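Numbering (my numbering), first residue to last: 2 to 254. Accompanying notes for the structure given below.
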Amino acid sequence: MRKEEQIRACYHALLGAWGPQHWWPARTRFEVIVGAYLTQNTAWTNVERALRQLRSAGLLNVHAIQTVPLRTLESMIRSAGYFRQKARSLKTFVAFLNDRYGGSLTRMFAQPTKTLRQELLSLNGIGAESADSILLYAGQHPIFVVDAYTRRVFGRHGILPENAPYEVIRQLCEKALAGISAQSAVPVTKTENQEPETVLAVHRPSLMSLAKRSDVAQVYNDMHGLIVRVGKHYCLKSKPRCEQCPLRPFLPS
2 MRKEEQIRAC
12 YHALLGAWGP
22 QHWWPARTRF
32 EVIVGAYLTQ
42 NTAWTNVERA
52 LRQLRSAGLL
62 NVHAIQTVPL
72 RTLESMIRSA
82 GYFRQKARSL
92 KTFVAFLNDR
102 YGGSLTRMFA
112 QPTKTLRQEL
122 LSLNGIGAES
132 ADSILLYAGQ
142 HPIFVVDAYT
152 RRVFGRHGIL
162 PENAPYEVIR
172 QLCEKALAGI
182 SAQSAVPVTK
192 TENQEPETVL
202 AVHRPSLMSL
212 AKRSDVAQVY
222 NDMHGLIVRV
232 GKHYCLKSKP
242 RCEQCPLRPF
252 LPS
């Protein structure tokens with residue numbers, strides 16, 4: 002089976018087993034962007050605590066991040082780790098947004114994907130995964146997000162080495178998933194050894210997960226969310242739970 006065919010088969014198997022995973026869990030585009038910064042090198046549960054702090058303090062908007070004292074911002078996001086670095090990076094992003102786009106996310110996301118991606122990558126604190134997360138989940142741009150779970154799953158299934166370059170993995174996924182029709186609702190089917198709770202989505206639907214997007218952006222959204230679920234609950238770093246994973250039939254013999 003060709004690499005593209007393997008990826009398509011994995012997508013259909015996971016979507017059929019679990020359905021859409023409702024990424025990104027956020028109420029606004031700016032919350033997605035803040036979350037993309039905060040989730041670097043930490044667990045999502047830590048990010049959720051930081052987001053709750055920011056929301057309670059009324060700081061989940063561009064103007065608030067611009068004007069809040071740096072020390073206050075640091076204390077609000079401490080639970081996400083690397084809080085000093087992340088606070089500075091958020092300030093840098095807001096300054097960029099104000100200077101380049103007059104503070105308008107709508108104007109920013111109206112830019113061509115390639116152009117905006119290069120601009121985001123030029124900012125301190127944004128790597129390829131963060132930039133692509135912002136583009137896909139906040140801007141609904143059709144670009145695939147590659148993370149550590151993607152590398153692990155693809156490596157163990159013989160699709161690509163775990164240390165393959167980010168761009169090689171991203172472009173392969175985009176080529177493999179091109180032309181697939183997005184499905185807003187998929188019948189959930191349990192695999193033979195699947196535990197009952199694993200058919201549930203990772204997140205409940207949110208305003209951003211339900212946002213209007215193209216078919217290709219929806220497919221990239223769904224595939225990334227499904228891979229995250231595999232990586233968090235089955236394709237573990239040590240002691241993987243292959244017996245209960247919908248991707249078990251695709252493991253190399």
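Note that beta-carbon positions come from the ideal geometry of N, C-alpha and C, so glycine has one too. Note that the structure is predicted; figures quoted are calculated from it, not measured.
Its Cα nearest to that of Arg152, the residue Glu163 stands out among Val217, Glu163, Ala212, Val63.
Contact annotation, Leu137 with Val146: C-beta distance approximately 6 Å; criterion of less than 8 Å satisfied. A straight-line Cα-Cα distance of about 16 Å links Ala81 and Pro26. Contact annotation: Ile34 and Leu178 have beta-carbon atoms that are not nearer than 9 Å. Along the length of the region 135 to 186, whole alpha helix (DSSP H) runs at least 4 residues long occupy 149 to 157, 167 to 178, reported in chain order.
Of the candidates Asn62, Phe84, His64, Val63, the residue whose Cα lies closest to the Cα of Arg72 is Phe84. Cβ-Cβ separation between Gly126 and Tyr38: approximately 6 Å, consistent with a contact (criterion under 8 Å). The Cβ atoms of Leu15 and Arg230 lie closer than 9 Å to each other. Remark: C-beta atoms of Ser207 and Arg28 approach each other more closely than 9 Å. For the pair Asn222 and Trp24, the Cα-to-Cα distance works out to about 7 Å. Around the beta-carbon of Arg205, fewer than 16 other beta-carbon atoms lie within 10 Å, marking it exposed.
Within the same chain, Cβ atoms closer than 7 Å to the Cβ of Gly104 are found at Val63, Leu98, the five residues on either side in sequence being excluded.
With respect to the 9 Å criterion, Ser215 and Gln141 are classified as neighbours on the basis of their beta carbons.
With respect to the C-alpha of Ser254, the residue from Ala165, Gly159, Met209 having the closest C-alpha is Gly159. Counting of Cβ neighbours within 10 angstroms places Ser182 among the exposed residues, the total staying below 16.
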